[in-house]
Structures are given as structure tokens and as C-alpha cells.
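Undergrad:
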Amino acid sequence: MKRLLLMGICMVIPQILLAQVEDEDSPEERMRHETNMTLDPALGRVPFERLVQEREKLRKGLQDKTIKTAISGLNWYERGPNNIGGRTRALMFDPNDATKKRVFAGGVGGGLWYNNDITSAVSSWTKIDDFWANIAVSCIAFDPSNTQIMYVGTGEGWNSSDVIQGAGLYKTTNGGTTWALLASTTGVATYANNFKNTQKIVVNSFGEVFAGTQTGVLKSTDGGATWSVSQAGTSFVSDLEIGTDGVIYAAFGRGTFSSKIYKSTDRGVSWTDISPDNNRKRVEIALAPSTSGASQIIYAMADANTSANSPAWIKKSTDAGATWTDVTNTSILGTQGWYDMILAVHPTNPNLVIAGGNVIGRTIDGGTTWTLQSYGTPHPDQHAVMFRQNGNSYNEVVIGNDGGVIYSPDYGDAADAFPSFSTRNTGYNVTQFYGISMKNVAGDGYVVGGTQDNNTLRINSAENVIGDGTNVNGGDGITSFVDQDDPTIALISAQFGGYRKMNTTTSTSTSLGISSAQFITTADYDSQNNIFYSDNTNGTSIWKVRSVNTTPVATSYTTGIPAGTSFIRVGLTQHTLFVGTGAITWPFGSGGKVYKIVNFGEAGQTTTLIGTLGTGSVSSIAVGATENELLVTLSNYGIKSVYYTNDGGANWVSKDEAAHGLPDVPIRYGIFNPLDRKQVLLATELGVWSSTDITASNPGWGVTNTGLANVSCHQLYYRSADNTVAVATHGRGIFTTKLPVCPTNVVKTGNMSGTETVLSGTYINGNTANVIQTGANTTYSAKNYVLLEPKFETQSGAIFKALIGGCN
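Counting in this note's numbering, the sequence shown tops out at residue 804, every number present.
See the structure below:
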């Protein structure tokens, strides 16, 4: 092992009060971080298609029972937030609702939902199904020839850091009551690869379906049973629109110099290039529904090849694309047009156009002038806009953005110069969390965590009850920590390490006066000694904030570790840190290593390289009963992702071999079960997985998702006061469960009916009065033995099993 003696101490930064981090986020920085943490080192890219494959393996494995549940008795309870949404790209009014109030919405990581009255401030959302094979909903459309038929596309193709690749199209034939994944769009189907990212679906009056995919426009004439290429293209379909006359318009573009616009007047048989400019990136188009044929009015907006606040251009055609003219440009994109760009034209007023980017704006004079809403009104980053019909009026507008779903009663009214906006997120729990923490108080419901572009939120509902989220800090919240000895103290954050000390009673906070070179900053808190540690310069230096419980003092110290720190964990001994490394840029250099720093920031500081675990990024380090017992996870595809040592790193054993059962997906976090340290829980891209014995040669991983969802999980947090575990999901909010405490010396008496599993860490005694009644399905699982006394009875028609297994 390599030993380094560290001599230098960096500057001391006094405690100062700083303004809160600006709310504006940075999709580019998120994307860079996530790419480095998850790409396959052998490919040099993120193989999103592998997640689709592993989802299908999971589905089949659960169906044929070849994948087990590992740790039994864990049931997850949704905690919320019940009032904060998340990134929403799919919106549609239910065509079967005569009131035009029922809306379908899809979260990019949280599945499909519906709201029965979008106009009501007290309306709530209902989820369709948490366990679709893929809940990365990207678009939705209905068949105008039979409105009971609808289609949902999956896969977010805009290259954000946390995009989830899709698994095909879902279809309903009964108005949304039940849905099925179309076999022609998934698995080994001919065009399955195309449907991994579906940006838009349109259906014509003949029931023919057109899908804008990552490699062209596909067409189905038989309700999605089979597909053919309608408009080929190596470029990405960025938008797809259909006019009231049935003419179809397709926009292409994502990378530089790839912009195209085509139209088809013969139901997709042939296409005509009507592009005004072939040298831009993403293109968004919108048709004026009150026009058609040769007089069709089209608006188009293109992202520039270099980052800019304004589009490369906004153009307008009044002759169905035969000619184009520039309209007034406006600063609407905030340098991220590749990520958020939307256009929508009023159904009866072709001069009223709504444009969205990181802010939203509208023109009421056909593009001559624009009026932009201020940043954050409504929530930033617009992705979907639709007008609601109310008699002959279309004044009401529904918006999908990074904050969820927004309703405006008057944004479609050209005469209203001061439109209003309000959220419609009650029950729409598609929030994307990075990290969480809890008060160490038994039965307490307080949870705080950082989200993608929805701030740091606290939930203070009763235990196991869904509650509202309250914003306690702006920006992209990242990790949070609640002092485990003093529940009034919490540390909350924003991007680039903007940590603040917060009073959990009042939610007031002051800055710690530190920052980081990392957008998503790794940190940890030593509650016992009131010392906070956070990255400063990608691991070459780390902040040490002393006296957090009184007046915090921040000092930065060098580490002797190469740049690329991806995880920091406090050891059991004061001033001890375990530091994992990841890649800043690819190809990897210093990633996949684990260091132990003793006396960090104190006299005699030394750094020891204790593990070289291969190429990849360390995503978590868990300390077991002693500092010699460590569990390390890595989050890249295509590598061994879990390692275990019980000798301080002298020897490391991979717990992710081919026969171990773990999917090849990012493993985000791992924890030991302190009640039984052989047990381990993992937060993965496919929910929570577990092992009943990490020390075994084959840990036998199994999925542990009862009550959870088919969702990406980013962190696990354990509370010792009552053995509660919380999981931060990236698409379905926060869930909690309790680790079961194994009973011992169990004696069963009386009648057993229904389905029940009895567990014991020692023995189970079924005595003479114990009767397993007809219809019962009973399992006795004991660690040492199951004793059935004479006259123990199992009646006819009952199922009884005795296992030697105990709580494992």
C-alpha cells in the first residue's frame, strides 16, 4: 500500500454569511458528472440500452421466480413530497372527458399519472402503475379515430445527466384503464432500438401512428403491431406535429449542424425538405391549428451550435413551409436549448405563440414582440405546453416543466397582460432526489433531501405517511445531513458545494462559507464530534468545518489524493476519512481507488491507498463494525460494482460476479444492516437490492422493492433510533422502511389462517394448541430449528412449510 505524509495546510476561511446560491441550475454540469459516474469504461459512453435489457431480465426473473427477494419483510412506504412535481415532458387532455378537465402527465423518471380536474387547485394526481417495465415517460398521444386508444412513449433523449432510456411504447385500448407494452417496440423487435428514445407520437384520422425516434420517423398502420420507416435519418427526431388537415411535419436535430424540417402530405409515404437552415442543433416547431393547407402557419425555433441565451433563430412560415421569414428573437433558452425548448400556438389565434426554454414567454403579434416571464415564474425549464378548451375559449394553459405541472387560467388570453400561474402537483410525486437525511428520533417523520432543480426539501409528516415538501434552500439540492445527536441541527446544500447550517425547528440557515469545484459535491458529517467534511477542489483538498454545533469554522486541507474524488465517508475514529475516487474526464486515470486519511487536518496526517478496485467511479463507502470492514460500490456500467474487505483493505473481494445475480446497472449506494452486518442493502438504477450474507462467496443478490417502484435510487440512509431506512429515488420521491428485528424463542399457539410467515433467530415451537387451518398458507422459518409438538395440526387444504433460515 502506498503511504503519503501530508505537510501543507491551506488557507483558513472564516465563517461568513453569504447569499443563498442562485436558483438557476446547470444541466450541462449535471450531465458531465453523471456521464463520468456511469459510462462504461470499455465503450467510453453510457450504454443506456443495457438498462433496458436489465429491466427485461428483472421482469422475467420475477415472473419465473429465478430472482429472489433476499432480505425478507421489508415494505417501503411512500413519504412524498406530495406537493412538488418533477421534470414533465408528456401532457395530454383526455379526449374522452367532455369537460376537458382530465389530464394525463408523465414524469421522465416517475411514470404516467392522471388528474381528473386540472382547473381545481385542490385536485390531485393518481399514478397508473409504478411497475411498468419502464417509467421514463416522454410523450403521449391518442387516436382521433378511436379515442379509447392511446399511446405512451418512453425514454428521454435530450442528453441530460439523469436521462433514463426507454423500453418502447405502451398502448391502451380502454381509455387508459389498462396499458400494455407493444412487443413490436421492445426486446429483440426489428425497431426496438429506435424506440429507446421516443420524443413525440402523433396519430392521424386513419389511426396510423407516427413516432419520432432517435433514428427517424416510424409508421404503423396496424395499431403498433408492426412498423416501417416513414422518414429515415441518422439524425434525431426533435419534434413531430400533425395539422388539422392531416399533413405531418417532422423536425430533426440534436447535435451540431443537424437541423432539418420535413413535411408529408400523403400520410408519410413521401417527405419534402422544407428546412430554412440545415446548420443548427435542436429544432422545435408548432402549427397554428386555425390554419391549414397551403396557408398553414408554422413557427420554428432552433438551438445555436454554441451556447447562447437566445435561439439561433425563430422563424415563421405562412405558406406551409414554402418560404420562411425571421421573427424577433428573444433570450428564452438560457444556454440550454438542447435540454428545454417548446413552442405552442393558440388554437384560434395564430398570432399568440407560447415559447419555452429555461423561462417562458409569449407573443401576441405573431413574433414581432415577446414578453418573457421572470426566471422561476412559473418554475424554470419548460418542456410541454397545451391550451385547454372551455366552450369557445382557449385562455387556459397547462405547462410541463422541471417543477412538474403548472396551470394558468389566462396565459392564452391576449388581452391579459398580467397572467397568473399556479402549481398542480398535489399527489404528483415524480421528484428526483439526490440525497436525504432524517432526525435520529424514533417514530419521527422529519426527512430532508436535495433534488434536481426543485431545491432542498423537508417533509415533516407522520411516519409512513405521505407529506408535503417545504423548500428550505434554493437551486439543485444535493446532499443533506441531520445531526444524529442534536436533531435541531441540519446541513443543507446547493450545487457546487454551497452548504448551509440550518435550524430544523425554524428552517433558518446561514452559510458555512465553503464551495466546491464539483457541481454535485460529495460530503459527510461526523455528528459525534460536530465536524463536517466536504470536497473543495475535486479531492486534492477537502474542507473541514469544525464546531458545527456552535460557531462553524471552515478550513481547507490538502489530501495528497489525485483529482477526482467522488465520495467521502467519515470513519469510526475521530479525524479519519475514507475517500473514493472517480473520473473527472474520460478516459479514466485515478478512478476506482479508495484512500484512508488518518488525522485529517491534524498533526500527523497521513494518507494511505488501501484499495485499487479497477476502472470506474466509487459511488459509496460504508464502514462496518470496525474500520477494517468496508463495503464499496462503483457506479459505472460494465464493471464489477461491489467490493468487500474485512481486513482494512489488505484484501478485497468482488461481490458482483456473474453468478451473484446483480444487474449490470449503476450501483449508487450501499449500507450495512447494523442489526445484522452480514446483510447489505444497495440503491441501484433498478430499485433497491439486498444480500442476506455479504461475507458468503456468493452473496445471492435479490431485489427488495415491495411497495417501492421500478425507479432509479440514489441514496440509502439508516436511522439507529428505530432501525428506519430511507431511500432517495430519482423520479418517485422518498420512501422509508424499517429493518426487521428478529424475534427469538418463538412459541406459536392458537389458530393460523390466511398467509403468514413466522420468523425466529433461534427456534419456533408449534405447540399442541397450534392449528394451521384450512386455506391457510403458513411458513415457519427459524435459524436453529422448528419443533412441532405432538398434536400440532395442519388441516386439510392448508399449506405449511418449515424452513431452517431464520430472519434471513
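Virtual Cβ for every residue (Gly too), placed ideally from N, Cα, C.
1. Considering only DSSP beta bridges, list what Q227 is partnered with.
2. Consult DSSP for G203 and reduce its assignment to one of helix, strand or coil.
3. Going by the beta-carbon positions, is the gap between V707 and G106 smaller than 9 Å?
4. Over the uninterrupted alpha helix (DSSP H) stretch that includes V48, give me the two end residues.
5. How many angstroms separate the CA atom of I564 from the CA atom of P786?
6. Rounded to whole angstroms, what's the CA-CA distance from T770 to S749? Just pull it up for me.
7. Would you kindly report the start and end of the unbroken beta strand (DSSP E) that includes D299?
8. Could you name the residues of the same chain whose beta carbon sits closer than 6 Å to that of A798, not counting the 5 residues immediately before and after it, in chain order?
9. Need the endpoints of the beta strand (DSSP E) that D531 sits in, please.
10. Return the chain-ordered list of same chain residues with a C-beta closer than 6 Å to the C-beta of Y166, the five sequence neighbours on each side being excluded.
11. Please give me, in chain order, every unbroken run of the beta strand (DSSP E) with length at least 3 that falls completely inside the segment 129 to 167.
12. Check whether the Cβ atoms of H342 and G396 lie closer than 9 Å to each other.
13. Between N595, M88, Y424, A66, which lies nearest to T143 when the distance is taken from Cα to Cα?
14. Could you pull out every residue in the same chain whose Cβ sits closer than 6 Å to the Cβ of E625, ignoring the five residues on either side in sequence?
15. Please classify K56: is it buried, with 16 or more other beta-carbons within 10 angstroms of its beta-carbon, or exposed?
16. Within the continuous beta strand (DSSP E) that includes W397, where are the two ends?
17. Looking at W309: is its Cβ nearer than 9 Å to the Cβ of R276?
18. Can you give the Cα-Cα distance for T240 and V394, rounded to whole angstroms?
19. Buried or exposed: V104, going by 16 or more other Cβ atoms within 10 Å of its Cβ?
20. Looking only at DSSP bridge pairs, what is L178 linked to?
21. What first and last residue would you give for the beta strand (DSSP E) that runs through I768?
22. According to DSSP, is D19 part of a helix, a strand, or is it coil?
23. If you follow the beta strand (DSSP E) that V437 is in, where does it begin and where does it stop?
24. Are the CB atoms of G362 and N347 nearer to each other than 9 Å?
25. Which two residues bound the contiguous beta strand (DSSP E) that contains S687?
26. Less than 9 Å between the beta carbons of T65 and T702, yes or no?
27. For T569, count the other beta carbons within 10 Å of its own beta carbon; 16 or more makes it buried, fewer makes it exposed. Which is it?
28. Judging by CA-CA distance, which residue of E237, D269, I432 is the nearest neighbour of A340?
29. Where T608 and T484 are concerned, what is the direct C-alpha to C-alpha distance, given to the nearest angstrom?
30. Determine the closest residue to S120 out of L755, W109, T611, T182, with distance taken between C-alpha atoms.
31. Anyone know if the C-beta pair for I795 and K779 falls short of 9 Å?
32. On a CA-only basis, which of N534, Q369, S489, T546 is nearest S552? Give me that one, please.
33. So which of N189, G69, V628, T546 has the shortest CA-CA distance to I690?
34. Could you tell me whether the Cβ atoms of G69 and A86 are closer together than 9 Å?
35. Between the C-alpha atoms of N301 and G251, what's the straight-line distance to the nearest angstrom?
36. How would you call F414, buried or exposed, if buried means at least 16 neighbouring beta carbons within 10 angstroms?
TA: Taking the definition as stated:
1. V213
2. coil
3. yes
4. 44 to 59
5. 58 Å
6. 7 Å
7. No beta strand (DSSP E) holds D299; DSSP gives it neither H nor E.
8. Y776, V782
9. 527 to 531
10. V148, W175, L177
11. 133 to 139, 142 to 150
12. no
13. M88
14. N642
15. exposed
16. The question names Trp, yet the displayed sequence has Asn at residue 397. Here the beta strand (DSSP E) through N397 covers 389 to 397.
17. yes
18. 21 Å
19. buried
20. None, per the DSSP bridge assignment.
21. 759 to 768
22. Here the model assigns D19 a pLDDT of 46, short of 50, so the residue's position is not dependable, and the following value carries that caveat. In this structure, D19 counts as coil in the three-state DSSP scheme.
23. Looking at the DSSP string, V437 is not in any beta strand (DSSP E), and its letter there is neither H nor E.
24. yes
25. 683 to 687
26. yes
27. exposed
28. E237
29. 39 Å
30. W109
31. no
32. N534
33. V628
34. no
35. 8 Å
36. exposed
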